[in-house]
Structure formats: C-alpha cells, structure tokens
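Down below is the structure, laid out as structure tokens.
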Amino acid sequence: MKLKNLLWATTLVIVPGLAAADTVLRIGLQQEPTSLDPTSDATASIDGMLTHNVFESLTTADESGAIHPRLAKSWTISEDGTTYIFELEQGVLFHDGTSFDAEDVVFSFNRAMAEESVNPSKSIFKPIDSVNAIASHKVEIKLSAPNAFFLFNISRGDASIVGVESVEENKTNPVGTGPFTFASWTRGDRLVLAKNAQHRDADNIQLDGVEFRFIADAAAATAALMAEEIDIFPGFPAPELMDQFEADPRFSTSVGSTQGEVVLALNNSKEPFSNLEVRKAITHSINRGDIIDGAMYGRAVPISSFYPPHGESHVDLSHVMPFDLAKATALFEDTGLAGSELSLRVPPFPYATRSGEIIQAQLAQAGVTVNLETVEWGFWIDEVFKQKNYDMTIIAHTSPNDLGNFARGPDYYYGYDSAEFNEIFAALSTETNVAMRHDLTVEAQTFLAENAPAVFLFQLPRLSVFRSGVEGFWQSASVLYQPLAGVTMKDASQ
Amino acid sequence: MSSIRFNICIGGALVAVMSVAALLSVVWTPYDHTVLNVANKFAGPSGSYWLGTDQLGRDQFTLLMIGARTSISMAILAVGLGAIAGTCLGVAAAAIGGLVEDAIMRLADFTIAFPAILVAIMLAAAYGPSLSTTIIAIASISLPTFTRVSRAAARQVWTQEYTVAARAGGRSLSAITWNHVLPNIQAVLLVQATIDIATAILAEAALSYLGLGVQPPDQSWGRMLADAQTLIYLAPSLAILPGLCMVASVMGFALLGDGLRDLNDPKLRNETR
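Line by line, the protein sequences are chains A and B. With UniProt numbering applied, the first sequence corresponds to residues 1 to 494, in that order. With UniProt numbering applied, the second sequence corresponds to residues 1 to 273, in that order.
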C-alpha cells in the first residue's frame with residue numbers, strides 16, 4: 001500500500017515535468033530596457049532581444065560580422081559605389097497582418113533620417129542622399145559618397161524595417177517581420193516571444209518561444225542558473241564564478257569577444273576635462289591591469305584606444321599613456337587639480353561598479369578625491385547620456401565600428417569636439433580602399449590614444465554560461481543582436 | 001536576578017568590544033582601507049593579515065573595524081535624532097492633550113506603517129544615496145516608537161500628585177515637562193534607545209546591502225556582505241565575518257537593552273530581591 005502511494009506520488013511529480021518540456025529557451029539578461037523600439041532608444045538589450053528576432057533589417061551579419069541578405073533578397077551596387085538597388089523578399093507579412101513592401105523600407109529610412117528623428121545612431125544614415133521605391137518590391141538607395149560600412153550598418157537594429165501602421169506602438173508592442181512575435185513584457189521580470197508560424201522561413205525556427213528574464217544582480221543570476229530556471233546567460237556578470245560553472249557537468253561556459261570597449265568617459269564639454277593635461281593626468285593614474293584583475297578576475301583584454309584588440313586594424317598603443325603614478329601626481333599638481341573632488345556616476349552593472357571602486361582608489365593615490373555614485377539605468381540614460389549631467393562615468397560601448405562616437409560633436413555625451421578627428425573620421429567613413437582604410441583606422445586610434453577624450457579601459461568579454469544541450473548561440477558578439485531562429489535546445493533530462 | 005545580570009554582562013561585553021573597535025578605528029587601523037592591493041587578493045589569515053584579505057586585496061580586519069565604526073556611529077546618530085524628535089512630540093502630546101495629542105499620535109501610527117527601506121529608497125532616488133540619507137531613513141523608524149513610548153510614560157507622570165500640585169501652583173506646561181516629566185521618563189527612554197540601536201544596525205546593513213547606504217570607499221558590514229555574495233564558494237569568510245559582526249553587535253545591544261529594561265521594572269526587581 002505504501003509502495004503504491006509512493007509510486008503515485010512519483011508519477012504526479014513526473015507528469016507535469018514532462019508537460020513543461022517544450023522548447024522555450026529561457027535567456028537571462030542583465031539590462032532591462034525602458035522601451036522596446038530599437039529605432040528610438042540606444043539601450044543595447046533592445047537589439048539583443050528584438051533585432052533579427054522580432055524586427056528585421058534589409059541585411060544581417062553573422063557571428064564573424066560577414067553580411068548576408070535578410071529582407072533584401074539581393075542587391076546590386078553601381079560602379080561608383082553610390083547607388084544600391086535592393087530586391088526585396090515577396091509575400092512577407094508584419095506580425096499585425098499588414099504586408100511588407102518597398103514603401104515600408106522608404107518609410108523606415110526616411111523616418112530615421114528625418115530632421116526630428118530620435119534614432120540613436122543617426123550618423124549611420126548621414127551618408128544617404130535618397131531612398132526611393134522603384135517597384136513594389138525594389139528600393140533604390142543613393143549615397144552622397146561611397147561608404148564602406150553601409151551594408152553592415154543597415155543590418156543593425158537602428159535600421160529595422162518598421163510598419164507604417166504599427167510604428168507608433170513599437171515602444172511597448174513591437175511589430176516587425178521577424179521569426180518571432182512579441183508576446184508579453186512584464187516589467188522588472190521578463191519579456192516573452194513566440195514563434196512566428198507565418199514567417200517565410202518558419203520551418204527552420206527550432207524554438208517554440210523565447211523568454212528573456214531580467215536579472216541584474218550577479219548573485220541572483222547565479223542562483224537562477226543553478227536552479228535551472230534559465231538555460232543561458234550571455235554576458236554573465238560575475239567572472240569570479242566562471243570556474244565554478246566550468247566544473248559543473250550541467251553547464252558549459254564560453255569566453256568570447258564583444259565590440260564593447262569599456263571606457264571611463266569624461267565630460268569634455270566642461271572644466272577641468274576640456275584640458276588635455278587633466279585628461280592625461282587621469283589616464284596616467286589608471287592601472288588597467290589591476291582593474292582587469294580586480295573587477296573582471298583577469299578575463300578581459302586592456303585597450304588603449306577605442307578599437308577592439310581582435311579587430312584587424314588594431315594597433316598596440318599601450319605605450320602612449322601608460323600607468324605612471326608619479327607623472328599623474330605631477331600633472332594633477334600642475335593643473336591645480338590635486339586635492340579636488342570629482343564625481344563618478346556609474347550604471348548598476350558589476351563591470352562598471354567594480355571598476356568604479358578601483359578607479360576611485362587609483363585616483364585617490366594620485367591625489368584626487370572621487371565621489372562614486374551608482375545610479376539606476378534609466379537615470380543614467382537620462383541624466384548622464386542625454387543631459388550630460390556628469391563629470392565621469394564608466395560604460396561599455398558595444399556597437400561595432402564606433403570610432404565615430406568621438407566625431408559626434410559637442411552634443412554627444414562626451415561633449416568632445418575636435419575638427420582634426422572629425423576630418424580623420426570623415427575620410428575613414430568614405431574610404432573604400434582596404435589598405436587606405438586600415439591606415440586611417442590606425443590614425444584614428446592613435447589620435448584618440450594621444451588626446452584621451454576618454455580613458456580606454458578594457459574590452460568587455462562575452463562570458464556565457466549555458467545549460468548543456470543549448471546550441472547555436474554565438475560565443476562572440478560582433479554585433480548587438482543575436483538571431484535566435486537557429487538556436488536549438490535538447491532537454492538535458494531526456 | 002541572575003538572568004538580568006547575565007543579559008547585561010554578555011550584552012555589555014559585546015557592545016564594549018564593538019565600541020572599542022569602532023573608536024580605535026578612528027585613530028588606528030592595521031592598514032588603510034582606501035588603498036587597494038589587487039595582486040594580494042584572497043590572501044588567507046596570516047601574521048600580517050590577521051583575517052586575510054578581500055577580493056581587492058584589502059585587509060579584512062581593517063574593513064571590519066571600519067564597518068563597526070560605520071554601523072555603531074550611524075545607529076547612534078540615527079536613533080539619537082529619532083529619540084530627540086520623537087520624545088519632543090511624545091511629551092508635547094501628553095502635556096497638551098486633546099486634538100493635538102490625537103493628531104500627533106495618528107501621525108506616529110502613519111509613520112510606523114511606512115517601511116524604512118521604502119523611505120530610504122525614496123530619499124535615495126530624490127537626493128542620491130549617502131550617509132545623511134541613510135541616517136534620516138533610519139531615524140524615521142525610531143521616531144514614532146519614541147513618540148509612543150514617551151507619551152505613554154509622560155501621561156503616567158502627569159497623573160502623579162506632584163505634577164498636579166505643580167499645575168495648581170501655576171507652573172507652565174513646558175516647565176513641568178522639563179522639571180518633572182523628562183527626569184522621570186529618562187530611564188524608559190534610555191532602554192528604548194538601546195533596543196532601537198540594535199534595529200538601526202540591522203537597518204543600516206540592509207540599506208548598504210541594497211546599495212542605498214554608505215558608498216565606497218566607506219565600508220559597512222552590509223556592503224561587505226553584498227560584495228561577498230558571489231564569492232561565497234571562493235572565499236566564504238568574506239561573507240561569514242561581517243555576518244558574525246552584525247549578529248554580535250545586534251545581540252549585544254538587544255541583550256543590554258533587555259537587561260536594562262528588566263532592571264528598571266520595579267516588579268521584576270522586587271520579585272528577585
């Protein structure tokens with residue numbers, strides 16, 4: 001009798017377990033956005049969740065950064081490199097049932113290019129002269145000059161193709177053409193996507209759904225992984241725990257690269273940071289080795305300029321402004337800054353708060369007091385990024401090919417405006433000759449290392465912890481997005 | 001008698017140890033807690049680092065001393081602030097009575113119903129997390145308690161013959177409060193303060209743990225605990241030691257408060273005599 005009861009109990013436990021074994025991939029994410037529209041908000045996690053999953057662009061990139069067709073089936077480029085003709089996919093539907101055609105492309109581009117556009121990467125649309133529909137599924141885009149990054153740039157979430165009918169609601173109810181439809185967003189908790197059975201490539205979508213769980217806290221993320229409440233945590237925030245997961249047979253780990261340069265950004269638009277000597281003093285105070293060791297447990301590569309070390313045009317500039325406490329102290333004395341107080345406002349991500357604490361101690365050694373303040377992400381976006389109300393901050397710039405950030409002029413949050421650099425970058429972005437582009441990229445890196453508009457700290461690694469059986473997730477991130485249609489998942493318990 | 005004495009002795013000893021560590025840290029610590037030595041992280045206990053070093057190579061013993069200073073000074077400041085404001089309101093309510101008393105007491109009820117963490121989050125959102133924000137938030141926990149306790153005790157004093165005589169003699173309300181009421185309720189207030197300090201230490205640790213309390217490079221046990229959270233497998237002592245310090249100091253103040261209260265209670269005192 002007792003045995004029978006026990007058997008019953010076991011069955012009852014097992015049955016719901018089987019029922020729950022569907023293919024919903026549960027992804028842990030640190031950063032919850034405040035909006036879901038990648039064409040109007042700079043938050044990287046919007047692209048991470050929605051770009052090429054809910055939204056699609058004309059082109060897409062793979063893990064290595066190579067370009068592939070997406071909503072554009074194919075394209076031709078004119079001899080002079082300024083006119084692109086895109087042949088679009090036929091029969092594509094937006095998730096709200098409206099059809100996709102050349103007019104949507106024209107609308108999306110014109111909206112991003114408009115004077116009053118709030119697109120977070122408006123600069124990638126600057127080279128475009130005009131966008132015209134020349135047939136129902138054919139678009140012609142004319143550039144003012146040849147542009148080396150054009151096909152890559154229009155694969156980004158900033159260039160998502162949005163529907164005329166649905167664009168107004170994308171902030172809370174995103175509607176695109178992608179392999180997944182937006183199902184729900186419980187703020188502070190999760191965002192759910194469902195498989196789009198109407199998609200033109202629906203047979204190749206392996207997952208029935210995707211759940212993004214927002215877990216900012218490293219300890220909570222660990223607990224969620226250990227309890228197998230999430231299947232994968234890309235961008236895992238606690239490097240100190242990678243060894244532990246490595247040793248656990250239920251999990252696999254990977255350390256990939258990202259396009260994220262972590263910088264100590266300085267507000268160049270105001271005193272004392274407008275003074276190069278002060279920026280030099282701060283840079284010389286920073287011991288990158290200790291920051292990487294203390295904040296990232298050795299799992300990061302130091303940078304001396306704004307270009308990823310794994311990039312093909314990278315040049316080692318660590319000799320330009322190395323850690324030199326005596327020099328830093330002397331420079332702070334000379335500029336009259338010794339003994340003064342500066343504020344450092346950091347977003348609530350472990351790489352930033354931990355680096356902040358170490359930088360505070362390092363600047364204290366050089367004779368400057370730093371008031372460290374950890375602020376909420378929404379507050380950071382608004383006060384630091386938009387209002388430029390800060391002295392110093394720490395942030396990872398995860399966009400690819402973003403040297404141009406320092407050519408964005410005084411309105412961008414660095415408040416940096418250098419005619420010389422603007423010129424270098426203008427030449428770089430219109431140069432299509434590979435060798436010339438390499439030289440210009442090196443010149444741009446060198447300029448930034450020598451003028452220190454920010455202190456370049458380290459390249460953000462992409463630490464991922466995933467349940468054994470999850471496959472197809474990118475190790476490295478050459479772009480902000482992660483297409484999920486090709487990800488497969490075997491239930492480890494089966 | 002023995003249990004009262006036991007409480008006071010153990011409580012007093014714990015409080016004394018923590019207070020000495022806190023006071024000593026003002027003039028001396030083994031190392032400077034603002035200087036990092038990352039190359040020397042997670043060092044084990046040794047002659048030069050009695051309790052080892054943390055994830056940034058700082059001496060753990062130094063950090064615990066600084067933590068004691070933060071916890072105890074913040075708790076005393078916050079409870080002191082709450083006690084002064086709360087007692088003023090409480091004795092005023094007892095002295096004036098009527099509608100004023102009702103208003104003050106309803107206000108106290110309202111404040112008690114408001115969690116301190118919520119107050120602290122509101123203050124931190126408005127003014128940024130800082131030492132003063134934390135102190136005000138914690139003071140707001142003990143303020144209504146003192147209002148209630150002092151009013152109840154003061155009302156009792158007001159029914160005594162000597163206060164009635166003073167009233168009849170034409171003394172003003174404030175003079176009687178100052179000369180007769182306060183001296184007679186001060187023991188009760190002292191006991192309440194000791195007990196509240198234990199609560200305040202916990203509240204400060206909770207706020208710092210959430211990142212709303214003291215900011216780096218200042219240290220507090222709550223912050224140390226938060227930092228050690230993901231290191232629990234790697235270096236468990238980083239979480240255990242600040243935890244033990246919290247337990248010891250909270251228990252110390254609580255036992256001391258309990259013992260003092262029992263000592264003050266004439267019923268208990270007479271029974272055991």
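Even glycine gets a Cβ: it sits at the ideal position worked out from N, Cα and C.
Residue i (DSSP reduced to helix, strand or coil)
i	result
A:Val455	strand
A:Asn132	strand
B:Ile104	helix
B:Asp258	helix
A:Gly209	strand
A:Tyr297	coil
A:Met321	coil
B:Tyr209	helix
A:Ala21	Residue placement at A:Ala21 is poorly supported in this model, since its pLDDT is 49, which falls under 50; the coordinates still yield a value, given next. Of the three classes helix, strand and coil, the one that applies to A:Ala21 here is coil, per DSSP.
B:Leu14	helix
A:Arg288	helix
residue 507 of chain A	Summary: the structure shown does not reach residue 507 of chain A, with chain A confined to residues 1 through 494, and so no result is reported for it.
B:Asn264	helix
A:Glu341	strand
B:Pro217	coil
A:Glu103	helix
Counterpart residues of residue i in DSSP-defined beta bridges
i	result
A:Val256	Val is not the amino acid found at residue 256 of chain A; the sequence shown has Gly there. Answer is A:Arg462.
A:Glu87	A:Ser74, A:Lys138
A:Arg26	A:Glu211
A:Leu193	A:Phe182, A:Val210
A:Glu471	A:Thr488
Option in the options with minimal Cα separation from residue i
i	options	result
A:Ile46	A:Phe182, A:Asp382, A:Glu32, A:Ala330	A:Glu32
A:Ala326	A:Gln365, A:Gly298, A:Gly289	A:Gln365
A:Gly235	A:Met489, A:Arg462, A:Ser99, A:Ser478	A:Arg462
A:Gly486	A:Gly176, A:Ser99, A:Ala407, A:Asn53	A:Asn53
A:Arg187	A:Leu50, A:Asn132, A:Thr34	A:Thr34
B:Leu56	A:Met489, A:Ile358, A:Ala435, A:Gln387	A:Ile358
A:Phe55	A:Ala159, A:Gln445, A:Pro302, A:Pro272	A:Ala159
Chain B contact for residue i (CB, 9 Å cutoff)
i	result
A:Pro348	yes
A:Ala21	Because the pLDDT at A:Ala21 is just 49, under 50, the model does not fix this residue reliably, and the value given afterwards should be weighed accordingly. It does not; no Cβ of chain B falls within 9 Å.
A:Lys294	Contrary to the premise, residue 294 of chain A reads as Gly rather than Lys in this sequence. Cβ-Cβ to chain B under 9 Å: yes for A:Gly294.
A:Ala328	no
A:Leu372	yes
A:Thr393	no
A:Ile105	According to the sequence shown, residue 105 of chain A is Val rather than Ile. Answer no: the Cβ-Cβ gap between A:Val105 and chain B never drops below 9 Å.
A:Thr430	no
residue 495 of chain A	Residue 495 of chain A lies beyond the residue range present for chain A, which begins at 1 and ends at 494; the question has no answer from this structure.
A:Glu240	yes
A:Ser364	It should be noted that the sequence gives Ala, not Ser, for residue 364 of chain A. Closer than 9 Å to some Cβ of chain B, the Cβ of A:Ala364 qualifies, so yes.
A:Asp290	yes
A:Val375	yes
Min CB distance residue i to chain A below 9 Å
i	result
B:Leu234	yes
B:Leu51	no
B:Leu238	no
B:Ile96	no
B:Ser3	no
B:Pro216	yes
B:Val35	yes
B:Pro229	Residue identity differs from the one stated: residue 229 of chain B is Gln in this sequence, not Pro. With 9 Å as the cut-off, B:Gln229 counts as an interface residue toward chain A.
B:Gln60	no
B:Leu56	yes
Interface flag, residue i vs chain D, CB-CB below 9 Å
i	result
B:Val38	The chain labelled as chain D is not found among the protein chains of the depicted structure, namely A and B.
heavy atom of the ligand NAP below 8 Å from residue i C-beta
i	result
A:Phe273	In the structure on display, the ligand NAP does not appear, and there are no ligands present to speak of.
Sufficient close CB pairs (3 or more, under 8 Å) joining the region 406-420 of chain A to the region 450-463 of chain A: yes
contact_flag[the region 250-262 of chain B, the region 101-108 of chain B] where n(CB pairs < 8 Å) is 3 or more: no
Cβ contact check for the region 469-481 of chain A and the region 265-273 of chain A: 3 or more pairs under 8 Å: no
Given 8 Å, three or more beta-carbon pairs between the region 106-116 of chain A and the region 68-80 of chain A: no
Touching by the beta-carbon criterion (3+ pairs, under 8 Å), the region 64-74 of chain B and the region 110-129 of chain B: no
The region 186-206 of chain B / the region 137-145 of chain B touching (three or more Cβ pairs under 8 Å): yes
contact_flag[the region 341-349 of chain A, the region 302-321 of chain A] where n(CB pairs < 8 Å) is 3 or more: no
Three-pair Cβ contact test at 8 Å for the region 376-385 of chain A versus the region 24-43 of chain A: yes
Meets three-Cβ-pair contact criterion under 8 Å: the region 176-185 of chain B and the region 153-166 of chain B: yes
Stretch pair the region 135-153 of chain A + the region 171-181 of chain A: three plus CB contacts closer than 8 Å: no
Cβ contact check for the region 282-292 of chain A and the region 6-14 of chain B: 3 or more pairs under 8 Å: no
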